[in-house]
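Heads up, the thing below is written out as structure tokens.
The structure is reproduced here in structure tokens:
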């Protein structure tokens, strides 16, 4: 392990061969890399972020309708398929990471994105019903705790990191989500309600895993997320506006870790210095130190399900090189 910042990935990967993908992750993310349990949405419904998370809700049934996932009395065929996908993924993880000791990340849909994506039996989003949203969050907490316990049993040496995926959070806060009819908008959720909900969820998991919230949508509510203690932040840095970086700096200085999505997922950046130099300039502009930089985790800007396997390998190589360069840059930043 060097003194460079760590590097990882968001979670989704191309293809349908989970055994091969898990081994690729294991082989490429050594040293400072943080390996992860990959998601392969190309396998079909239930292998995606929402389907995987909905199917693991404790005590709530779901089924896939033409309009999307919906709460039901009991799990339907697609939900059972989603559960089978996850069992297969965990079996492959256990085999590939036998004897592994170190950080290991798993991803789950966050409560606000899940409530915005899953419907009530009558067709409206769960988000429209405050009581149902609370029940879903509590069910999600129980289901995730169970899943984390399984991962810990299969890979006992793992230091678990849980990534909450919240791409819909800005839209939830802004009231930008359409109603089921398409003629209206779901009422915005008050910031204090979002903070309380996330805080309760993070507290329920804090003894099982470190936690990071990932949002790759424009308008990441950095000041709001700073109010949720025990939660690191993962963002697409290209979407962080200049005025938001001061808030990011305050978050880092408070002891949180920034997962900087500074590597475009489309493969358009091929030189590691393009990534490291840009991040260092930003770091200097907000007065952060080299020690702060070394706590950063460098990642792609978003998931990689739409990339080719060859492009993913090339991107991961650039990612590792950029992390190494950031380690060197952090020394000069500390001395400046």
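Residue numbers (this note's numbering): 1434 to 1769. Glycine residues also receive a C-beta, built at the ideal position from the N, C-alpha and C atoms. Quick caveat, the model's predicted, so the values are computed rather than measured.
- Here the segment 1675-1689 makes no contact with the segment 1706-1713; the two share fewer than three CB pairs at distances below 8 Å.
- Under the DSSP assignment, residue 1665 falls outside any alpha helix (DSSP H), being part of the beta strand (DSSP E) whose first and last residues are 1665-1669.
- The segment 1506-1520 makes no contact with the segment 1585-1593; the number of CB pairs closer than 8 Å stays below 3.
- When the Cα atoms are used, residue 1496 and residue 1482 turn out to be separated by approximately 15 Å.
- The beta carbons of residue 1600 and residue 1546 sit about 6 Å from each other, so the pair counts as a contact at 8 Å.
- In the structure shown, residue 1472 falls within a strand segment according to DSSP collapsed to helix, strand and coil.
- Residue 1694 sits in a strand when the DSSP states are folded into three classes.
- Here the segment 1518-1532 makes contact with the segment 1439-1459; the two share three or more CB pairs at distances below 8 Å.
- In the structure shown, the three-state DSSP call for residue 1674 is coil.
- Within the segment 1577-1606, no alpha helix (DSSP H) run of at least 4 residues lies entirely inside it.
- Ranked by Cα distance from residue 1673, the options 1658, 1653, 1661 and 1666 are led by 1653.
- Restricted to the segment 1498-1543, the alpha helix (DSSP H) segments that are unbroken, complete and at least 4 residues in length are 1510-1529, listed in chain order.
- Scanning the segment 1605-1655 from its first residue to its last, the whole alpha helix (DSSP H) runs of 4-plus residues come out as 1624-1638.
- Fewer than three pairs of CB atoms, one per stretch, sit closer than 8 Å, so the segment 1617-1629 makes no contact with the segment 1642-1653.
- A contact between stretches requires three or more CB pairs, one per stretch, nearer than 8 Å, and the segment 1511-1518 fails this requirement with the segment 1571-1579.
- The beta carbon of residue 1618 is closer than 7 Å to those of 1608, 1609, 1610, 1611 and 1612 in its chain, skipping five residues each way along the sequence.
- Taking the Cα positions, residue 1477 is about 21 Å away from residue 1543.
- Judged by DSSP secondary structure, residue 1705 falls within the alpha helix (DSSP H) whose first and last residues are 1705-1718.
- Judged by their CB atoms, residue 1551 and residue 1502 are nearer to each other than the 8 Å cut-off.
- Taking a 10 Å sphere around the C-beta of residue 1644, we find 16 or more other C-beta atoms and assign the residue as buried.
- In terms of CA proximity to residue 1695, 1735 leads the group 1735, 1560, 1498 and 1640.
- By the CB criterion at 8 Å, residue 1704 and residue 1763 fall outside the cutoff.
- Residue 1466 is bridged by DSSP to 1440.
- Looking at the DSSP output, residue 1494 sits in a beta bridge with 1505.
- Here residue 1555 is exposed. Its C-beta has fewer than 16 other C-beta atoms within 10 Å.
- Exclusion of the five residues before and after residue 1638 leaves 1574, 1577, 1578, 1581, 1595 and 1644 as the residues of its chain whose Cβ lies within less than 8 Å of its Cβ.
- Classified as buried, residue 1757 has 16 or more neighbouring CB atoms from the shown chains inside 10 Å of its CB.
- A residue is called buried once 16 or more other Cβ atoms fall within 10 Å of its Cβ, and residue 1499, having fewer, is exposed.
- Residue pairing from DSSP places residue 1731 in a beta bridge opposite 1440 and 1693.
- DSSP places residue 1574 within a helical segment (H, G or I) once states are collapsed to three.
- Contact between residue 1730 and residue 1440 holds: their C-beta atoms lie close to 7 Å from each other, under 8 Å.
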